[in-house]
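Chemist: Which chain is which? The protein sequence lines are E and V, in order. For the first sequence, counting from 1, position 246 maps to 305 in my numbering; every step adds exactly one. For the second sequence, counting from 1, position 144 maps to 157 in my numbering; every step adds exactly one. The beta carbon of each residue, even a glycine, is placed where N, CA and C say it ideally should be. Note that the coordinates shown come from a computational prediction; the quantities given were computed from them, not determined experimentally.
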Amino acid sequence: MNPSAVFDIYLLEAVINGVLLGGVLALLSLGLNLIFGVIDVVWICYAELIMLGMYGMYFLFTVYHAPIWVAAILCVVSVAILGVLLHVLVIAPLLGAAPINQLLATGGVLFFLQSAATVLFGIEFKNLGLRLPVLKVGGMFVSYSRLLAFAAALISMVLVYLWLTRTYTGTAIRAIAQDRQIMSLMGVDSRRIYLVTSALGGGLAGLAACLLVLQYDVHPFVGLSFGPITFLICVLGSLGNFVGGFVAAFVFAEIISVGGLYLDLEWGYVFAFAFFIVMMFVRPEGLMGRRS
Amino acid sequence: MLELRSVSAGYGTFQALFDVSLDVKAGEAVGVIGPNGAGKTTLMRAISGLIRSTSGSIHLEGSDLAATPSHRIVELGIAHVPESRRLFPRMTVEDNLRMGGFAPSARPKFRQQLDVVYELFPRLRERQRQLAGSMSGGEQQMCAIGRALMSAPKLLLLDEPSAGLAPVLVEQVFELVKRIRAGGLTVLIVEQNVQQVLRVVNRAYLLKAGSIRASGTALELQATDTIREAYLGV
């Protein structure tokens, strides 16, 4: 085999892994975007909900030996409930407050959850003890856990899309992001829509936890690996824009994956964040932003 | 049908309405005219529950609107076409109409009301898949009225339907109002365009600085000098 053919296969493998990573990042950003678009609040602690979900999976599956699909369903439901609690206890009382107060409050929740997890679970890295096989196609390696995560993320995003476009509640969620003041004229109780959206945002975080725990160890600070990148993806895709977040997730994932091919994997992240900073100069309103 | 008794309302410490009493009977078209800043929009908002009156009473067919949560008022039979239309610009015409029929009482009638609206405004049927924000001002006004009609209201509130439209479209909008009236729907319409609105309503009230200054049939109001005085202050 000549050297250039080998190189192309590595590139192809990086592109494929980028697509698989993009699916999961898109799922992460969808949850955050939904919350921001509908409630106009950024859940800074979003990735810490994922961290709790990953611990939930660890305890249910590895410690209490629940079947994995039972653990996954319980995990999604519990994190959805956490999302509702977060809204009722922290966000709703601050809806009339200045945005900076809301950011600080959810930021406070982030550190609260990190410290609480450290106290409760310790700082050791934990994992499911589950090794999914690696698929080998034409000299390329793709792990089943990544494929599964990608497929599950894609399917759930399609379901959310259908729900947003085909149901009354879903239509109201899209509408409230465009004009929240007149929702009562349509007969919509905004408080109920906020609760439904918080449950959905939490549920998506729970699903992300189920998928990420297949690939990563869980520890109290694991949210730092996903939180900042999810937020940057949302900003790059124009905060609150669902389609923009989807596109930006794949752009980011490809930069990380292909960028990491030439140097170390960590360099992929350096490129991705540098790209983000440059984009903030070039298109501060985001990829899908409307210039007003 | 609609009964306001000594209603006061405002925003925070600013009071915009003072002791307004007003009646709309079933089948009537009633206008509220008055200069800019007279409190016309505040009046509409107080009726549909977008803001809460600070005193007085508002009843629709005996139901106390002040005691009804604002998102339930549409179910009692009031649909409000807000000032400057307030469509959902990045949603299709049909999604906008679907939002108008969101109330649980309206959902079973969705198909039927959609036919009513499309028959009234055939242009909307042609544009049902188009984004509402991409249509012309006149078409958007049709969509805004159509959205309100989706709840099959007993009373339609129209806030400045001609505002911001080119003169030729203003004519069209009042034609639309006449078309809706032909179906016998009760309408309360707020307008700055006095001459036009007096042609489509039975009665009208003159609102100035938050109080009702005059009322009467359209002909009576046209005949008096009250309107000219209210607008020009002479």
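(1) Starting from the Cα of residue 22 of chain V, find the closest Cα among V:62, V:38 and V:42 and give me that residue.
(2) Between the region 49–65 of chain V and the region 220–229 of chain V, are three or more C-beta pairs nearer than 8 angstroms?
(3) Please work out which residues of its chain come closer than 6 angstroms, Cβ to Cβ, to residue 81 of chain E, disregarding the five sequence neighbours upstream and downstream, and give them in chain order.
(4) Under 9 angstroms between C-beta atoms, does residue 101 of chain V make it to chain E?
(5) Considering only their Cβ atoms, is the gap separating residue 173 of chain V from residue 233 of chain V smaller than 9 angstroms?
(6) From residue 157 of chain V to residue 94 of chain V, what distance separates their C-alpha atoms?
(7) Residue 16 of chain V and residue 70 of chain V - do their beta-carbons sit closer together than 9 angstroms?
(8) Counting only C-beta atoms, is residue 176 of chain V closer than 9 angstroms to chain E at any point?
(9) Distance cutoff 9 angstroms, beta carbons only. Does residue 92 of chain V sit that close to anything in chain E?
(10) Could you give the first and the last residue of the continuous beta strand (DSSP E) run that contains residue 195 of chain E?
(11) Across the region 84–98 of chain E and the region 295–309 of chain E, are there enough close Cβ pairs to call them in contact, namely three or more that are closer than 8 angstroms?
(12) Once you ignore the five residues that flank residue 200 of chain E on each side, which residues in its own chain have a CB closer than 8 angstroms to its CB?
(13) Provide the residue span of the alpha helix (DSSP H) that contains residue 55 of chain V, from first to last.
(14) Which two residues bound the contiguous beta strand (DSSP E) that contains residue 315 of chain E?
(15) What do you reckon, are the CB atoms on residue 201 of chain V and residue 178 of chain V nearer than 9 angstroms?
(16) Do we get a CB-CB distance below 9 angstroms when we pair residue 245 of chain E with the residues of chain V?
(17) Considering only their Cβ atoms, is the gap separating residue 245 of chain E from residue 14 of chain V smaller than 9 angstroms?
(18) What does residue 95 of chain V touch in chain E if you count any residue whose Cβ is under 7 angstroms from its own?
(19) What are the boundary residues of the beta strand (DSSP E) that residue 69 of chain V is part of?
(20) I need the DSSP call for residue 221 of chain E, collapsed to helix, strand or coil.
(21) I want to verify the contact list: residues of chain E whose CB lies under 7 angstroms from the CB of residue 128 of chain V, in sequence order.
(22) Taking the C-alpha atoms as reference points, what is the distance between residue 28 of chain V and residue 156 of chain E?
(23) So with CB distances below 7 angstroms, who are the chain V contacts of residue 248 of chain E?
(24) Using alpha carbons as the reference points, say which of V:138, V:140 and V:109 lies closest to residue 163 of chain V.
(25) Compare the C-alpha of residue 274 of chain E against each of E:187, E:340, E:123 and E:178 and name the closest.
(26) Closer than 8 angstroms, Cβ to any Cβ of chain V: which residues of the region 182–209 of chain E, in chain order?
(27) So who's on the other strand from residue 199 of chain E, going by DSSP bridges?
(28) Using a Cβ cut-off of 9 angstroms (strictly closer), state whether residue 256 of chain E contacts chain V.
(29) At what residues does the beta strand (DSSP E) containing residue 218 of chain V begin and finish?
(30) Could you give the C-beta distance for residue 255 of chain E and residue 110 of chain E, rounded to a whole number, given that I count them as a contact under 8 angstroms?
(31) Answer yes or no: does any C-beta atom of chain V fall closer than 9 angstroms to that of residue 227 of chain E?
(32) What is the DSSP secondary structure of residue 340 of chain E, reduced to helix, strand or coil?
(33) Return helix, strand or coil for residue 333 of chain E, following the three-state DSSP convention.
(34) Counting only beta-carbon atoms, is residue 238 of chain E nearer than 9 angstroms to chain V?
(35) At least one CB of chain E closer than 9 angstroms to the CB of residue 44 of chain V: is that the case?
(36) Along the alpha helix (DSSP H) that carries residue 129 of chain E, what are the first and last residues, could you check?
Modeler: Taking the definition as stated:
(1) Along the second sequence, one-based indexing puts residue 22 of chain V at 9. The candidate whose alpha carbon is nearest that of residue 22 of chain V is V:62.
(2) yes
(3) The count along the first sequence starts at 1 and reaches residue 81 of chain E at position 22. Closer than 6 angstroms at the Cβ level, and outside the excluded window around residue 81 of chain E, lie 308, 309 and 312.
(4) Counting from 1 along the second sequence, the entry for residue 101 of chain V is found at position 88. Taking Cβ atoms only, chain E reaches closer than 9 angstroms to residue 101 of chain V, which makes this a yes.
(5) For the purposes of this step, residue 233 of chain V is identified with residue 220 of the second sequence, where counting begins at 1. For the purposes of this step, residue 173 of chain V is identified with residue 160 of the second sequence, where counting begins at 1. Cβ atoms of residue 233 of chain V and residue 173 of chain V: not closer than 9 angstroms.
(6) Counting from one through the second sequence, the residue named residue 157 of chain V turns up at place 144. Counting from one through the second sequence, the residue named residue 94 of chain V turns up at place 81. The straight-line gap from Cα to Cα measures roughly 6 angstroms.
(7) Your numbering for residue 70 of chain V matches position 57 in the second sequence. Your numbering for residue 16 of chain V matches position 3 in the second sequence. Yes, Cβ-Cβ distance for residue 70 of chain V and residue 16 of chain V is below 9 angstroms.
(8) Position 163 of the second sequence, counted from the start, is the residue given in the question as residue 176 of chain V. Not an interface residue.
(9) Translated into positions along the second sequence, residue 92 of chain V becomes position 79. At least one chain E Cβ lies under 9 angstroms of residue 92 of chain V.
(10) Indexing the first sequence from 1 puts residue 195 of chain E at position 136. Residues 193–196.
(11) yes
(12) Taking the first residue of the first sequence as 1, we reach residue 200 of chain E at position 141. Closer than 8 angstroms at Cβ, skipping near neighbours: 72, 193 and 194.
(13) On the second sequence, residue 55 of chain V is found 42 positions in, with the first residue counted as 1. Run containing residue 55 of chain V: 53–61, per the alpha helix (DSSP H) assignment.
(14) For the purposes of this step, residue 315 of chain E is identified with residue 256 of the first sequence, where counting begins at 1. Segment 301–321 is the alpha helix (DSSP H) holding residue 315 of chain E; no beta strand (DSSP E) there.
(15) Sequence index remark: in the second sequence, residue 201 of chain V carries index 188 (1-based). Sequence index remark: in the second sequence, residue 178 of chain V carries index 165 (1-based). Against a cut-off of 9 angstroms, the Cβ pair of residue 178 of chain V and residue 201 of chain V comes out as no contact.
(16) As a position in the first sequence, residue 245 of chain E is number 186, starting the count at 1. At least one chain V Cβ lies under 9 angstroms of residue 245 of chain E.
(17) Looking up residue 14 of chain V in the second sequence gives position 1. Looking up residue 245 of chain E in the first sequence gives position 186. Result no, Cβ atoms of residue 14 of chain V and residue 245 of chain E do not sit closer than 9 angstroms.
(18) Locating residue 95 of chain V in the second sequence gives position 82, where the first residue counts as 1. What residue 95 of chain V touches in chain E: 241 and 244.
(19) Residue 69 of chain V sits at position 56 when you count from the first residue of the second sequence. Residue 69 of chain V -> beta strand (DSSP E) spans 68–73.
(20) Position 162 of the first sequence holds residue 221 of chain E. Correct three-state label for residue 221 of chain E: helix.
(21) By 1-based counting over the second sequence, the position of residue 128 of chain V is 115. Here the premise fails: no neighbours, minimum Cβ distance about 19 angstroms.
(22) The count along the second sequence starts at 1 and reaches residue 28 of chain V at position 15. The count along the first sequence starts at 1 and reaches residue 156 of chain E at position 97. Distance between the alpha carbons of residue 28 of chain V and residue 156 of chain E: 24 angstroms.
(23) Taking the first residue of the first sequence as position 1, residue 248 of chain E is located at position 189. In chain order: 84.
(24) Here residue 163 of chain V corresponds to residue number 150 of the second sequence, with the count starting at 1. For the residues V:138, V:140 and V:109, the minimum Cα distance to residue 163 of chain V belongs to V:109.
(25) Against the first sequence, residue 274 of chain E aligns to sequence position 215. The residue with the shortest Cα to Cα distance from residue 274 of chain E is E:187.
(26) none
(27) What you label residue 199 of chain E is simply residue 140 of the first sequence in a count that begins at 1. Answer is E:196, bridged to residue 199 of chain E.
(28) Mapped onto the first sequence, residue 256 of chain E falls at position 197. With 9 angstroms as the cut-off, residue 256 of chain E does not count as an interface residue toward chain V.
(29) Looking up residue 218 of chain V in the second sequence gives position 205. Counting along the chain, the beta strand (DSSP E) containing residue 218 of chain V begins and ends at 216–221.
(30) The count along the first sequence starts at 1 and reaches residue 255 of chain E at position 196. The count along the first sequence starts at 1 and reaches residue 110 of chain E at position 51. 24 angstroms between Cβ atoms; not a contact.
(31) By 1-based counting over the first sequence, the position of residue 227 of chain E is 168. Chain V contact via Cβ: present.
(32) Along the first sequence, one-based indexing puts residue 340 of chain E at 281. Residue 340 of chain E falls in the helix class under three-state DSSP.
(33) Locating residue 333 of chain E in the first sequence gives position 274, where the first residue counts as 1. In the structure shown, residue 333 of chain E sits in a helix (DSSP, three-state: H, G or I).
(34) The count along the first sequence starts at 1 and reaches residue 238 of chain E at position 179. So yes, residue 238 of chain E belongs to the interface.
(35) Mapped onto the second sequence, residue 44 of chain V falls at position 31. For residue 44 of chain V, the answer is no, since every Cβ of chain E falls outside 9 angstroms of its Cβ.
(36) Here residue 129 of chain E refers to the residue found at position 70 of the first sequence. Note, residue 129 of chain E: alpha helix (DSSP H), 127–145.
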